[in-house]
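Right, one structure below, let's go through it.
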Amino acid sequence: MLSEKKDLLGIKELTAGEISEILDLAGEMKRVVLSNDKKLDTLKGLSVVTLFYENSTRTRLSFELASKYMSAASANIAASGSSVQKGESLLDTGHTIDRMGTDIIIMRHQSSGAASFLAKNVRAGVINAGDGMNEHPTQALLDALTIKEHKGGFKGLRVAIIGDVLHSRVARSNLYLLNKMGASVAMAGPATLMPKGVEALGCEAYTDVDKAIAGADVIINLRIQLERQKSALFPTVREYSARFGLNENRLALAAPDALVMHPGPVNRGVEMNSAVIDCEQSFIDEQVTNGVSVRMAVLDLLTRRKRNAAH
Ligand code: ASP
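As structure tokens, then:
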């Protein structure tokens, strides 16, 4: 169970039982998030620090609000405004934060494996808020909460994950989670943005987006990760959006009640057009709300051992 662990580094190492434990608690936390009394004492006396080496809007803010709703002392560091700019190593920065009595460090970093490296070297619990192209576990968990709420569960669902699969930590975490929970996954994107041999991870793989979308119960669109592309991997944005973008015609290939999702930030008119982003089947706003609920649940579970030991 997550409540027995120190860190949340990836979905890969969670069991289906642990995923359900988080989603059940996140469902309860959502009531707090939507109420006019967003105050729990859960993290009273504990401190939470976010350490972000890459940009973020949703993930960082939702962790910060989740910490505040649960009465933690919380603080944020962006690498761009810190001693990282003066050449301090991740290890030294991590030690410094640890030595201030921090209980949980939430880190986003451009290198795959950075969160597990930090976790091995600090006393604080570490939550991976995205490590390079590897994993973004809380994103997959909030996506799962959204799917569970609207589809009732995962067994037998067909989920299409579309776009820049190669560079997407969101795609990887979602694939692990959906496989563990009994959904089937079809990935699709330009050949240059599909990882070689991705089928071996447990999915169908296409370069024809329509084949992945056909009959899908859920469509998760991905942002093109220009910051991770070392060379131009597709001809033009216009061609990308014509061949791979989600529009009304493509959406019509999916199940009639298919959910449309996107982790954000969305590039309107590139991976999806505005008509689809704002349509009734789009649950992008709800994903954002669920992001706070899921992060509250994770913070609660990861601090339970410590809180119980203190009594
Ligand atoms: N916000 C997500 C991430 O950090 C998705 C994205 O940036 O495209 O991975």
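Start counting at 1 in the sequence shown, then tack on 38, and there's your number in our numbering. C-beta: ideal position from N, C-alpha, C; glycine also. If you're wondering where the values come from, they're calculated on a predicted model, not measured in any experiment.
Cα-Cα separation, residue i to residue j
i	j	result
Phe192	Val223	11 Å
Lys43	Val203	30 Å
Ile262	Gly151	21 Å
Pro228	Tyr278	8 Å
Met219	Ser100	25 Å
Gly190	Arg137	44 Å
Ile251	Arg288	7 Å
Phe90	Leu103	16 Å
Glu237	Leu52	21 Å
Asp316	Asn305	13 Å
Leu180	Ala335	11 Å
Val314	Phe282	14 Å
Lys50	Thr341	21 Å
Ala117	Ile143	14 Å
Glu126	Asn217	39 Å
Ser211	Ser121	31 Å
Val164	Asp79	21 Å
Ala113	Gly139	12 Å
Leu72	Asp62	16 Å
Closest by C-alpha distance to residue i, when choosing among the options
i	options	result
Asp130	Leu216, Ala116, Arg146 and Asn159	Asn159
His26	Lys234, Pro175 and Ile257	Because the chain is modelled from 39 through 349, residue 26 falls outside the range shown and cannot be assessed.
Ile200	Lys76, Thr140 and Asn285	Asn285
Tyr107	Phe155, Glu59, Thr184 and Lys76	Lys76
Ala22	Gly163, Gly253, Ala198 and Val308	Given that the chain is displayed from residue 39 to residue 349, the structure contains no residue 22 and the question cannot be resolved.
Arg196	Glu242, Gly307, Asn93 and Thr230	Glu242
Arg207	Ser312, Gln325, Met171 and Ser41	Met171
Arg345	Lys68, Leu84 and Ser58	Leu84
Arg343	Lys68, Ala162 and Ala167	Ala162
Ile322	Glu265, Gln177 and Ser211	Gln177
Ala280	Ala292, Thr80, Arg266 and Asp248	Asp248
Lys268	Ala54, Ala221, His205 and Leu215	His205
Arg333	Ala113, Asn166 and Gly119	Asn166
Residue-chain proximity (residue i, chain C), Cβ-Cβ < 7 Å
i	result
Phe321	Absent from the structure is chain C; it holds one protein chain and no more.
Residue i burial status per 10 Å Cβ neighbour count (16 or more: buried)
i	result
Asn74	exposed
Ala153	buried
Gly48	buried
Thr274	exposed
Thr329	In the sequence as presented, Thr is not what sits at residue 329; that position holds Gly. Flag for Gly329 reads buried.
Ser331	buried
Asp141	buried
Met39	exposed
Pro294	exposed
Glu56	buried
Glu318	exposed
Gln123	exposed
Lys234	exposed
Ala54	exposed
Glu66	exposed
Arg276	exposed
Beta-carbon proximity of residue i to residue j, cut-off 7 Å
i	j	result
His133	Asp169	no
Gly240	Arg96	no
Asp45	Ala157	yes
Ser105	Lys82	no
Glu309	Asn259	yes
Ala254	Ala290	no
Val70	Ile135	no
Ala348	Leu183	no
Ser41	Leu339	yes
Val298	Ser320	yes
Gln230	Leu271	Correcting the residue type first, residue 230 is Thr in the shown sequence and not Gln. Closer than 7 Å, so yes.
Identity of the residues DSSP links to residue i by a beta bridge
i	result
Gly163	Ile142
Ser222	Arg196
Arg306	Met310
Phe90	Ala116 and Arg146
Ala111	Ser85
Ile258	Ile199 and Met299
Tyr214	In the DSSP output, where bridge partners are listed per residue, Tyr214 has none listed.
Glu242	Ala224
Leu99	In the DSSP output, where bridge partners are listed per residue, Leu99 has none listed.
Glu173	Asp169
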